[in-house]
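Asker: Structure incoming, see below.
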Amino acid sequence: MQAFDPPRRDFIKGALATGFALAVQPVTASIITDTLSLDTGLAGIALDDGILPAYFARPTGQADALPIVLVVQEIFGVHEHIRDICRRLAKRGYLAIAPELYFRQGNPAEASDIATIISTIVSKVADQQVMQDLDATLAWAGLHGGDVKRTAITGFCWGGRITWLYASHNPDLKAGIAWYGKLVGEHGTLTPSQPVDIATTLKVPVLGLYGGQDGSIPQDSVNSMRSALQQGSSASQIVVYPQAGHAFNADYRPSYNAAAAQDGWQRMLTWLDSHGMAAH
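The numbers in the UniProt record's numbering rise by one with no breaks, and the one at position 126 of the sequence shown is 126.
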């Protein structure tokens, strides 16, 4: 893998959220995936306006042609749970990479509450910039052992919404898996489109995983998205877990719902396999 000089590596390490965000303390017991038989580390992706930090994980000993999964962070950034998601995918044979998409605006790990993260960081992140950063991340992965012709995306919470949007932005993706990402919302200069707006023209098959008890994503918005998808040609699907709330896959938080999380994870793996993403 590409080596980095110490100053750049220190910058990347500092820009990535370490551990868990202050806003979700205290952290409950969480699943920890080891790095046995994995190559893991920090990447610095050169952009016109800076270095995009990212965490990657991939199987050891496989030089190239690995299927790529872009992993999009929760609202809390690329903290340990998102890194663990990358390691879980790498154990299945993928090159998984999670870019820190807030790196220009600030480090969410330092914020003490969600409202502060939203007001000082998330509200300043432009969707167009996120799409470009994901394009750059994919290009980096293609130069470091990944097969750009076999790429999927998955994201959680804030990243679930981004998953829908990037699947529209990049029609060459094989598949997407959106975990409890908002589907409707306000339109603005930084957020000109919402997932429900692009549903009818979506070409990439996206699996949406949602909680029936999610207070932040009303079921009428899920139903609206499902109806819009049925008018298109993407073969996307939405699964709702009636007893699960928001962030049901976040095994480090009280919101974790083991049954829904485990079923969703298996559905994701099956979705990847059935859409040309099977790891060899």
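The beta carbon of each residue, even a glycine, is placed where N, CA and C say it ideally should be.
All values derive from a computational prediction rather than experimental measurement.
Of the residues 244, 227 and 246, which one's Cα is nearest the Cα of residue 238?
Answerer: Ranking 244, 227 and 246 by Cα distance to residue 238 puts 227 first.
Asker: According to the Cβ coordinates, are residue 250 and residue 117 closer than 8 Å?
Answerer: No, these two residues do not count as a Cβ contact at 8 Å.
Asker: Is the region 103-122 touching the region 143-150, taking contact as three or more C-beta pairs under 8 Å?
Answerer: Counting Cβ pairs under 8 Å, fewer than three are found: no touch.
Asker: Of all the beta strand (DSSP E) runs that stay within the bounds of the region 7-82, which reach a length of 3 or more residues?
Answerer: Taking only runs of at least 3 residues, the beta strand (DSSP E) segments lying wholly in the region 7-82 are 38-47, 50-59 and 66-72.
Asker: Helix, strand or coil, according to DSSP, for residue 205 in the structure here?
Answerer: Reduced to three states, the DSSP call for residue 205 is coil.
Asker: Could you tell me whether the Cβ atoms of residue 167 and residue 204 are closer together than 8 Å?
Answerer: Going by C-beta atoms, residue 167 is nearer than 8 Å to residue 204.
Asker: Rounded to the nearest angstrom, what separates residue 16 and residue 134 at their Cα positions?
Answerer: Their Cα atoms are separated by approximately 16 Å.
Asker: Between the alpha carbons of residue 202 and residue 47, how many angstroms are there, rounded?
Answerer: Distance between the alpha carbons of residue 202 and residue 47 is about 28 Å.
Asker: Confirm, please, whether the CB-CB distance from residue 272 to residue 136 is below 8 Å.
Answerer: It is not a contact, given that the beta carbons lie outside the stated cut-off.
Asker: Express the C-alpha separation of residue 182 and residue 7 in angstroms, rounding to a whole number.
Answerer: Since pLDDT at residue 7 reaches only 48, below the 50 mark, its modelled position is unreliable, and no value is offered.
Asker: Determine whether the beta carbon atoms of residue 114 and residue 177 lie at a separation below 8 Å.
Answerer: No, the pair does not count as a contact, with Cβ atoms beyond the cut-off.
Asker: CB-CB under 6 Å to residue 40, same chain, minus the five flanking residues each way: which ones, in chain order?
Answerer: Taken in chain order, the residues that qualify are 57.
Asker: Helix, strand or coil, according to DSSP, for residue 1 in the structure here?
Answerer: Unreliable placement is indicated for residue 1, whose pLDDT of 39 sits below 50; the coordinate value is still reported in the next sentence. Residue 1 falls in the coil class under three-state DSSP.
Asker: Just tell me which of 29, 51 and 233 has its CA closest to the CA of residue 104.
Answerer: Looking at the Cα atoms, 51 is the closest of the given residues.
Asker: Taking residue 282 as part of the beta strand (DSSP E), name the residues at either end of that continuous run.
Answerer: Outside the shown range of the chain (1 to 280) lies residue 282, about which nothing can therefore be said.
Asker: Could you tell me the alpha carbon to alpha carbon distance between residue 213 and residue 247, rounded to whole angstroms?
Answerer: Using only the alpha carbons, I get a separation of about 11 Å.
Asker: Kindly indicate which three-state DSSP category residue 114 falls into: helix, strand or coil?
Answerer: In the structure shown, residue 114 sits in a helix (DSSP, three-state: H, G or I).
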